[in-house]
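Going by UniProt numbering, the residue at position 59 of the sequence shown is 59; the numbering climbs one at a time, nothing skipped. Glycine included, each C-beta is placed from N, C-alpha and C at the ideal position. Each remark here refers to the structure printed beneath this line.
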Amino acid sequence: MAAEKLRDLSQPMDVALLDATVAAFYGTGSKEERTAADQILRDLQNNPDMWLQVVHILQNSKNLNTKFFALQVLEGVIKYRWNALPVEQRDGMKNYISEVIVQLSSNETSFREERLYVNKLNIILVQILKHEWPARWRSFIPDLVAAAKTSETICENCMAILKLLSEEVFDFSRGEMTQQKIKELKQSLNSEFQLIHELCLYVLSASQRTDLIRATLSTLHAFLSWIPLGYIFESPLLETLLKFFPMPSYRNLTLQCLTE
């Protein structure tokens, strides 16, 4: 009965029931319970309409594994069906994911407590960016940089997003995107790098927060292998990095940047 109720996607899903099913799959119950839960979750994952329940699940679930399951469903849609979706659905999901990331990273407590969830949301956002940016989301980098200046925890998470984006475009993109798309994303990152560069320098000169400085150095390292040399030699970047080298907390990350 419960299985049939979950499989009926014509109405908002009973999220408490889904939480219980996910808990049964990961739990210490009998083999039969885990097998039954696994079958229900597979059926849901294979249903092309399941992704329409994702926001409802993320808003109502009390279980991190359930949220991860919902995001896994969404990730499949982003990879294989995104461009076929109506523009309102794409914009709605893009805006929702962005809002949740900002909401959770604007508060020190929620950012630390929900870090695994935020990290997964960051990955989802970057997957969306690979389709939407730059053509359908031209303001993304300026918006991100503006958000980063509103709070140190938001800034720390923005650095994580920028690092992910750089890695996706320059390191992991083979086989997932066309050469033309990769070229387009690389050109966009190059043309927007001035803003990212200024943000990194601002953080490294103004912040006293260890986690934020480490995140910024880590992001810089991801960018240094491809940015135009002028940014390194015609700005205070080298001088700024050398300032952090004597400090044990930052030495390894700084060394990685300097040797890149």
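* Do the region 230-241 and the region 197-204 touch if we need at least three Cβ pairs shorter than 8 angstroms? -> yes
* Element boundaries [alpha helix (DSSP H), containing Q53] -> The residue given as residue 53 occupies position 53 in the sequence shown. Note, Q53: premise wrong, no alpha helix (DSSP H); not H, not E.
* S247: buried (16+ other C-beta within 10 angstroms of its C-beta) or exposed? -> Counting from 1 along the sequence shown, the entry for residue 247 is found at position 247. A small fix is needed here, since residue 247 is Met in this sequence, not Ser. Exposed is the call here.
* Evaluate Q208 with the Cβ neighbour count: other Cβ atoms within 10 Å of its Cβ, from every protein chain shown; 16 or more gives buried, anything less gives exposed. => In the sequence shown, residue 208 corresponds to position 208, counting from 1. That one is exposed.
* Three-way DSSP call (helix, strand, coil) for P246 in this model -> Here residue 246 refers to the residue found at position 246 when the sequence shown is read from its first residue. Coil, per DSSP.
* To do: Look up Q187 in the DSSP assignment and say whether it is helix, strand or coil.
  => Residue mapping note: residue 187 aligns to position 187 of the sequence shown, counting from 1. Q187 falls in the helix class under three-state DSSP.
* Given a threshold of 16 other Cβ atoms within 10 Å of its Cβ, counted over all protein chains shown, does V73 qualify as buried or as exposed? -> Locating residue 73 in the sequence shown gives position 73, where the first residue counts as 1. The residue in question, V73, is buried, as its Cβ has 16 or more Cβ neighbours within 10 Å.
* Whole beta strand (DSSP E) elements within the region 91-120, 3-residue minimum -> none
* **Outcome for R81 when other beta-carbon atoms lying within 10 angstroms are tallied against a minimum of 16** => For this step, residue 81 is matched to residue 81 along the sequence shown. By the neighbour-count rule (16 or more Cβ atoms within 10 Å), R81 is not buried but exposed.
* Asked: Are there three or more Cβ pairs, one per stretch, closer than 8 angstroms when the region 205-223 is compared with the region 153-167?
  -> yes
* Distance CB(L129)-CB(I97) smaller than 8 angstroms -> Walking along the sequence shown from the start, residue 129 turns up at place 129. Walking along the sequence shown from the start, residue 97 turns up at place 97. At the C-beta level, L129 and I97 stay beyond 8 angstroms of one another.
* **Beta-carbon gap between L17 and L9 smaller than 8 angstroms** => Taking the first residue of the sequence shown as 1, we reach residue 17 at position 17. Taking the first residue of the sequence shown as 1, we reach residue 9 at position 9. Contact: no.
* Can the beta-carbon of L104 be found less than 8 angstroms from the beta-carbon of S110? -> Position 104 of the sequence shown, counted from the start, is the residue given in the question as residue 104. Position 110 of the sequence shown, counted from the start, is the residue given in the question as residue 110. Yes; because the gap between Cβ atoms is below 8 angstroms, this pair is in contact.
* Could you tell me whether the Cβ atoms of N60 and V15 are closer together than 8 angstroms? => As a first step, residue 60 is located in the sequence shown; it is residue number 60 there, counting from the start. As a first step, residue 15 is located in the sequence shown; it is residue number 15 there, counting from the start. Yes. Within cutoff.
* Asked: What are the start and end residues of the alpha helix (DSSP H) that includes N65?
  -> Sequence index remark: in the sequence shown, residue 65 carries index 65 (1-based). From DSSP, the alpha helix (DSSP H) with N65 extends over 64-80.
* To do: Verify the CB distance criterion: does L58 have a CB-CB separation below 8 angstroms to chain C?
  => Reference to chain C is not applicable here, since this structure consists of a single protein chain.
* Asked: Does DSSP put K149 in a helix, a strand or coil?
  -> Here residue 149 refers to the residue found at position 149 when the sequence shown is read from its first residue. DSSP places K149 in coil when its eight states are reduced to three.
* To do: Take residue 284 as the anchor and find which of T28, D43, S30, A20 has the nearest alpha-carbon.
  => Residue 284 lies beyond the stretch modelled for the chain, which goes from 1 to 260, so this question has no answer here.
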